[in-house]
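Read through the structure below, which is laid out as structure tokens, and then see the notes.
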């Protein structure tokens with residue numbers, strides 16, 4: 018039986034959240050959470066592999082206690098077991114630290130993993146880094162933006178679309194794929210599955226101590242990314258309407274913009290023929 | 002009392018909302034206009050356990066608690082009340098009586114087929130001369146060998162046009178001094194079970210509401226639900242539960258209309274600013290939001306009492322009375338906020354407005370709810 022691990026993330030339910038300008042982080046408290054859409058596609062891919070080839074699916078997320086919610090949803094969809102990696106010292110971890118923590122959890126709890134599936138990117142920060150970084154941490158081959166997986170024993174044949182080309186690649190297990198949102202449309206969550214998820218399953222919680230992770234590995238100490246500045250892109254352009262008699266409008270237009278026009282057309286029009294018109 | 006929703010309730014709400022918005026939002030206006038029952042979407046719902054909300058797992062149901070079941074009905078009705086009606090009638094008044102009164106053989110025979118949606122259920126009490134006065138039914142069931150022979154006409158049967166099984170209330174003793182009614186499990190395949198034309202109604206138009214005719218319809222004696230003569234008891238108990246469903250449906254309609262009104266108020270510019278910046282519109286929004294929050298607590302209180310095995314008839318009546326009145330008020334205000342556009346079929350609030358009204362009528366009118374509540378209050382020794 019194949020051992021699959023799906024890494025998922027809880028993200029805010031709206032796509033555009035305001036930033037906290039002081040801390041440089043998203044105001045995630047302003048919107049309820051949901052499973053990141055691409056992660057849901059990754060879980061769907063795992064479920065389809067399970068249905069076709071027989072597999073055990075472990076779903077892992079790192080987040081605050083509220084992130085349990087997406088694990089229950091994963092159970093309702095058909096996952097077999099779940100792990101919540103949760104510790105206050107993990108707060109503020111960047112992708113570099115996050116991938117390291119995830120790798121520790123997988124090595125500890127799912128040492129015989131055959132395939133790790135991640136969403137290609139998250140809807141809140143969209144770095145698309147955690148999957149490939151995790152592959153490096155685990156020292157396994159990886160293919161990103163996968164839209165189809167075939168399993169033949171311990172060989173995986175995966176297809177992806179890059180730069181309008183369709184690429185088919187093969188690799189040996191253990192391996193990692195990040196799943197794009199082109200295919201593997203997630204199934205609806207059934208009500209019976211939801212009830213069973215809450216009634217029959219238990220979520221394993223791993224903290225820093227359980228993972229043998231110290232403060233130096235995570236948080237800002239273990240994070241290589243420093244957010245220097247966060248700003249909202251502002252457009253300070255405005256439309257200018259020139260009105261009046263045509264000849265005056267043209268004259269005013271040239272007076273105001275002749276330098277810009279010169280730059281664009283690559284030669285000076287300064288003062289040209291201006292007097293002839295008069 | 003769930004002042005804060007549990008993780009489970011939030012997930013159920015999110016999941017049903019996602020389904021309803023994906024599958025029903027784009028067709029709700031069209032199936033309303035053309036009075037079409039959306040068979041394909043209903044088939045998808047069957048696979049997701051929407052037809053076995055509270056049926057135990059061993060019969061293939063989802064075994065949800067009552068708050069969860071109410072949330073399901075709320076969220077479907079928030080997008081499409083007519084489909085919400087199909088779900089709440091099936092679960093609340095067709096399946097529920099089996100759970101309460103069905104014997105082992107009846108439950109084993111029918112619950113798996115009801116829970117999977119293979120059979121869609123209906124509940125038929127109302128007749129031309131028996132509405133609020135449930136004691137006046139005229140349909141009769143006369144014993145003949147091992148069968149009962151049913152004759153009569155039921156009207157305004159929700160799901161009537163598509164049901165495969167109907168619970169029929171009929172008199173099993175017509176002697177005025179010993180008047181007795183019973184409930185019969187009648188399969189649509191039985192000879193003598195006929196459907197009338199679909200009703201052309203103001204709202205809930207995508208639900209196939211019809212009359213049912215019983216013409217010498219032979220029903221085996223073993224299909225008497227509970228026991229002979231339990232008609233009134235089953236009817237009253239079922240209506241208590243049905244009221245929770247209609248309250249949830251009304252609340253869902255109110256929620257949908259409220260959200261549409263808030264969205265529109267933020268977008269619509271008048272006097273060079275969004276109308277949401279006008280105090281009158283803000284007052285509407287504040288009142289709608291407050292009353293909805295209150296209604297939701299009233300509804301969930303009835304659900305929790307029911308699950309705790311305590312009497313909940315009075316609380317269900319309060320929830321039904323309040324939520325349905327709120328639905329009418331909120332949908333009317335939502336149309337008002339939309340102005341002329343709200344009166345046009347181009348906007349959903351027009352549909353919500355028409356759908357809301359009947360929640361004050363069926364499963365006991367608001368007048369009957371007040372009667373139920375007052376009786377319960379007056380019967381108490383201490384208040």
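Chains as they are written, first to last, in the working numbering: chain A, 18 to 295; chain B, 2 to 384.
Here a beta-carbon is modelled for each residue, glycine too, at the ideal position from N, C-alpha and C.
Is there a Cβ from chain A that is less than 9 Å from the Cβ of residue 62(B)? Locating residue 62(B) in the second chain gives position 61, counting from the first residue. Cβ-Cβ to chain A under 9 Å: yes for residue 62(B).
For residue 262(B) and residue 279(B), the rounded distance between their alpha carbons: Reading the second chain from its first residue, position 278 is the one you call residue 279(B). Reading the second chain from its first residue, position 261 is the one you call residue 262(B). Straight-line Cα distance between these residues: approximately 14 Å.
Nearest neighbour of residue 88(B), chosen from 66(B), 168(B), 122(B) [CA to CA]: For the purposes of this step, residue 88(B) is identified with residue 87 of the second chain, where counting begins at 1. The shortest C-alpha separation from residue 88(B) is found at 122(B).
Pick from 11(B), 384(B), 286(B), 20(B) that is closest to residue 207(A), judged by C-alpha positions: Here the question's residue 207(A) lines up with position 190 in the first chain. Ranking 11(B), 384(B), 286(B), 20(B) by Cα distance to residue 207(A) puts 20(B) first.
May I have a chain-ordered list of the alpha helix (DSSP H) segments no shorter than 4 residues that lie completely inside the segment 232-284 of chain B? 232-268
Where residue 315(B) and residue 137(B) are concerned, what is the direct C-alpha to C-alpha distance, given to the nearest angstrom? Against the second chain, residue 315(B) aligns to sequence position 314. Against the second chain, residue 137(B) aligns to sequence position 136. Looking at the two C-alpha atoms, the distance is approximately 23 Å.
Consider the C-beta atom of residue 376(B) and the heavy atoms of the ligand ZN; say whether any pair is separated by less than 8 Å. The ligand content of the structure shown is nil, which means the ligand ZN is not present either.
Can you pull the chain B residues whose beta carbon is under 8 Å from the beta carbon of residue 207(A), in chain order? The residue you call residue 207(A) lines up with position 190 of the first chain. Residues of chain B passing the Cβ test: 48, 49, 50, 63.
Residue 84(A) beta carbon less than 9 Å from that of residue 134(A): Counted from its first residue, the first chain places residue 134(A) at position 117. Counted from its first residue, the first chain places residue 84(A) at position 67. In this structure, residue 84(A) does not lie closer than 9 Å to residue 134(A) by Cβ.
In the structure shown, what three-state DSSP assignment does residue 1(B) receive? Since the first residue shown for chain B is 2 and the last is 384, residue 1(B) is missing from the structure and cannot be characterised.
So is residue 319(B) buried or exposed if we call it buried at 16+ other beta carbons inside 10 Å? As a position in the second chain, residue 319(B) is number 318, starting the count at 1. The residue in question, residue 319(B), is buried, as its Cβ has 16 or more Cβ neighbours within 10 Å.
Would residue 13(B) count as contacting chain A if we go by Cβ distances under 9 Å? Indexing the second chain from 1 puts residue 13(B) at position 12. Closer than 9 Å to some Cβ of chain A, the Cβ of residue 13(B) qualifies, so yes.
Counting only beta-carbon separations shorter than 9 Å, does residue 20(B) have a partner in chain A? Walking along the second chain from the start, residue 20(B) turns up at place 19. Yes, residue 20(B) counts as interfacial toward chain A.
For residue 183(B), write down the residues that DSSP places opposite it in a beta bridge. As a working mapping, residue 183(B) is identified with position 182 in the second chain. Note: residue 183(B) sits in a beta bridge opposite 171(B).
Can you give me the C-alpha to C-alpha distance between residue 38(B) and residue 71(B), rounded to a whole angstrom? Within the second chain, residue 38(B) is the residue found at index 37, counting from 1. Within the second chain, residue 71(B) is the residue found at index 70, counting from 1. Looking at the two C-alpha atoms, the distance is approximately 22 Å.
Could you give the distance in angstroms between the alpha-carbon of residue 66(A) and the alpha-carbon of residue 80(A)? One-based indexing of the first chain puts residue 66(A) at position 49. One-based indexing of the first chain puts residue 80(A) at position 63. Near 26 Å, if we compare the C-alpha coordinates of residue 80(A) and residue 66(A).
Select from the segment 255-272 of chain B all residues with a C-beta closer than 8 Å to any C-beta belonging to chain A, and list them in chain order. none
Within 8 Å, do at least three Cβ pairs link the segment 97-117 of chain A to the segment 53-60 of chain A? no
Under 9 Å, do residue 367(B) and residue 333(B) count as touching if we go by C-beta distance? Reading the second chain from its first residue, position 366 is the one you call residue 367(B). Reading the second chain from its first residue, position 332 is the one you call residue 333(B). Remark: C-beta atoms of residue 367(B) and residue 333(B) do not approach each other more closely than 9 Å.
Taking the CB atoms as reference points, tell me whether residue 202(B) and residue 155(B) lie closer together than 9 Å. Counting from one through the second chain, the residue named residue 202(B) turns up at place 201. Counting from one through the second chain, the residue named residue 155(B) turns up at place 154. Contact flag unset, no.
From 99(A), 87(A), 109(A), pick the residue whose C-alpha is nearest to that of residue 242(A); which is it? Your numbering for residue 242(A) matches position 225 in the first chain. Selection 99(A), 87(A), 109(A) evaluated against residue 242(A) yields 109(A) as nearest (Cα-Cα).
Establish whether the CB of residue 55(A) and some CB of chain B are separated by less than 9 Å. Working through the first chain from its first residue, we reach residue 55(A) at position 38. No, residue 55(A) does not count as interfacial toward chain B.
How about residue 129(A) and residue 20(A): are their beta carbons less than 9 Å apart? Within the first chain, numbered from 1, the residue matching residue 129(A) stands at position 112. Within the first chain, numbered from 1, the residue matching residue 20(A) stands at position 3. In contact: residue 129(A) and residue 20(A) (Cβ atoms closer than 9 Å).
Which value, in whole angstroms, describes the spacing of the CA atoms of residue 105(A) and residue 222(A)? Taking the first chain and counting its residues from 1, the one referred to as residue 105(A) is at position 88. Taking the first chain and counting its residues from 1, the one referred to as residue 222(A) is at position 205. Cα to Cα, the separation comes out at about 13 Å.
Please state if the CB of residue 294(B) and the CB of residue 317(B) are separated by a distance shorter than 9 Å. The residue you call residue 317(B) lines up with position 316 of the second chain. The residue you call residue 294(B) lines up with position 293 of the second chain. Not in contact: residue 317(B) and residue 294(B) (Cβ atoms no closer than 9 Å).
Is the separation between the beta-carbon of residue 190(B) and that of residue 165(B) shorter than 9 Å? Translated into the one-based positions of the second chain, residue 190(B) becomes position 189. Translated into the one-based positions of the second chain, residue 165(B) becomes position 164. Result yes, Cβ atoms of residue 190(B) and residue 165(B) sit closer than 9 Å.
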